[in-house]
Amino acid sequence: MKVWLGQNLWSVMATGPNVSRFLLKSSYLKQSQKRLIVTKTETDAKKIYSKMLPVFPEIQLLKDCDTAYGGGIMALPAYLSKGLEFDAVIVTCIEDDYACSNLDIKLLYVAITRALHKMDIIRLPEKMKLIP
Numbered sequence: 001m002k003v004w005l006g007q008n009l010w011s012v013m014a015t016g017p018n019v020s021r022f023l024l025k026s027s028y029l030k031q032s033q034k035r036l037i038v039t040k041t042e043t044d045a046k047k048i049y050s051k052m053l054p055v056f057p058e059i060q061l062l063k064d065c066d067t068a069y070g071g072g073i074m075a076l077p078a079y080l081s082k083g084l085e086f087d088a089v090i091v092t093c094i095e096d097d098y099a100c101s102n103l104d105i106k107l108l109y110v111a112i113t114r115a116l117h118k119m120d121i122i123r124l125p126e127k128m129k130l131i132p
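Listed below in structure tokens is the structure:
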């Protein structure tokens with residue numbers, strides 16, 4: 001189910017393999033110059049990266065020690081995205097959901113404020129209870 005949350009902001013409720021399928025079919029991942037898939041944890045970012053690498057060979061996985069971004073698609077955890085801006089952003093969580101704690105609220109805020117033009121929030125029905 002896709003729910004409109006505001007201008008260019010959508011929440012997509014997905015289940016297991018449907019999250020990967022949605023990411024692979026996202027048209028703006030192919031259209032935008034600077035694209036980001038932001039997750040809550042580094043583990044989730046690595047999973048997204050490995051699933052998408054065969055389809056999007058230009059995808060990059062940002063780690064703590066990285067200092068440069070060369071354009072294209074990037075996957076990274078929310079805590080590394082602060083201060084960065086992207087044309088299109090997909091916010092998702094696979095394993096660890098955003099709970100109603102101060103830290104998780106701040107992480108989710110950082111994640112959803114990275115988009116300049118377009119953003120989707122992809123969530124499993126039982127995850128991201130902070131998002132309607």
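Numbering (UniProt numbering), first residue to last: 1 to 132.
The C-beta atom is built at its ideal place from N, Cα and C for all residues, glycine as well.
Query: Residues that DSSP places opposite Asp87 in a beta bridge; Result: Answer is none; Asp87 lacks a bridge partner.
Query: Straight-line gap, Leu103 to Gln33 (C-alpha atoms, nearest Å); Result: 30 Å
Query: According to DSSP, residues forming a beta bridge with Met52; Result: The partner list for Met52 (beta bridge, DSSP) is empty, contrary to what the question assumes.
Query: Asp44 versus Val110: straight-line alpha-carbon distance, rounded; Result: 17 Å
Query: Beta-carbon spacing of Leu76, Leu62 below 8 Å; Result: yes
Query: Ile73 and Arg35 closer than 8 Å at C-beta; Result: yes
Query: Nearest neighbour of Ile122, chosen from Lys106, Cys93 and Tyr49 [CA to CA]; Result: Cys93
Query: Chain-order list of residues whose beta-carbon lies under 8 Å from that of Gly6 (same chain, five-residue window excluded); Result: Caution is warranted here: a pLDDT of 45 is assigned to Gly6, below 50, making its placement in the model unreliable, and no coordinate value can be reported.
Query: Span separating the alpha-carbon of Phe56 from that of Tyr49; Result: 9 Å
Query: Identified DSSP bridge partners for Arg114; Result: Arg114 is not bridged to any residue.
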